[in-house]
Amino acid sequence: MKSLTEKVVIIMGASSGIGEATARLLAEKGAKLVIAARREERLVEIKDSLPDAELVYKAADVSNYEDVKNVVDLAVETYGHVDVLFNNAGIMPTAPLVEGRRDEWQQMLDINIMGVLNGISAVLPLMAEQKFGHIISTDSVAGHVVYPDSAVYCGTKFAVRAIMEGLRQEQRKNNIKSTIISPGAVLTELYKTISDSQIAEEVHKAQVERGLRSEDIAMAVVFAIDTPDRMSVSEMIVRPTTQSI
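Take 0 as the starting number for the sequence shown in numbering that gives the first Met the number 0 and just add one per residue.
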């Protein structure tokens, strides 16, 4: 079993929230990091704030396969291999289906589903050749239950669960682990992707009042990464103690 100090971890969607918190916790524990997100200026700020970390960064849009492949290539060029890919990027526009917000639906499909698939496609051939690896994807309690005004978002998260379970079944022969982390309410910037300002404010208020913090989810991610080779954590639901669903 490798220690965390020997592991190379790629984090997609690392510019804020859960991705940033996970990067900081892994840096503290000595992991070798590649962080990626669309906002390059935020990646620079994170790197500058962690001067002792083994960390490189690259701007990338997870909906663009070539961007994601370039991040994987950077990891290999820098460290020689990849132990973990954390697919963390996601958006959460919410609205009743009757409003027909097709542009938002497409964005969710592109980022929440294709972002995960692009990550898998970019790193899986390498991991299969290595005969080891670990792919983690941020899912949601919305991938376990459906609730009004979030049908498409829930659909994308159900899809991620199915994809990641299929990955587990296909790649266990190559010692490749598959994990989904399903957070409940967490105080992050995700509410900013909701175009309806009233709904966004309600979600943000709930996050502030009773939501978990990004650091709580980062602890779950690090736990999943730091398990023995014989052990794979397939799913984790992590939600506030008082959350009803």
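For every residue, glycine included, the Cβ atom is placed at its ideal position computed from N, Cα and C. Here the structure is a predicted model, which is why all the values come from computation and not from measurement.
- The segment 102-122 and the segment 63-73 touch, with no fewer than 3 CB-CB distances between them shorter than 8 Å.
- Assignment of Ser2 by DSSP, reduced to helix, strand and coil, places it in the coil class.
- Annotated as distal: Ile179 and Ser231, with beta-carbon spacing of 7 Å or more.
- Considering only Pro227, Glu19 and Met107, the residue with the shortest C-alpha distance to Val43 is Glu19.
- When C-beta atoms of the segment 32-39 are compared with those of the segment 2-12, three or more pairs fall below 8 Å, so the two segments count as touching.
- Beta-bridge pairing by DSSP links Gly132 to Ile175.
- The beta carbon of Met163 is closer than 6 Å to those of Ser136, Ser177 and Ile179 in its chain, skipping five residues each way along the sequence.
- Collapsing the DSSP output to three states places Arg229 in coil.
- The way I'd put it, the segment 81-93 does touch the segment 130-146; three or more beta-carbon pairs between them come closer than 8 Å.
- When the alpha-carbon of Asn173 is set against those of Gly210, Leu211 and Arg229, the nearest one is in Arg229.
- Excluding residues up to 5 positions away in sequence, Asn117 lie with their Cβ nearer than 6 Å to the Cβ of Tyr64 in the same chain.
- DSSP lists Ala35 and Asn86 as the beta-bridge partner residues of Met11.
- Within the same chain, Cβ atoms closer than 6 Å to the Cβ of Ile175 are found at Met126 and Gly132, the five residues on either side in sequence being excluded.
- In this chain, the beta strand (DSSP E) harbouring Ala58 covers Glu53 to Ala58.
- Pairing Gly142 with Arg160 gives a Cβ-Cβ distance under 7 Å.
- Three or more Cβ pairs closer than 8 Å define a contact, and the segment 37-56 falls short of that threshold against the segment 90-108.
- In this structure, DSSP gives Leu211 an extended state, which the three-state scheme calls strand.
- Exposure of Ser48 is indicated by the presence of fewer than 16 other C-beta atoms within 10 angstroms of its C-beta.
- Glu27 is not bridged by DSSP to any residue.
- The residues Ala184, Val185, Leu186 and Pro239, in chain order, have a CB closer than 7 Å to that of Gly210 in the same chain once the five nearest residues on each side in sequence are set aside.
- The shortest C-alpha to C-alpha distance from Met91 to any of Met107, Leu73, Thr77 and Ser233 is the one to Met107.
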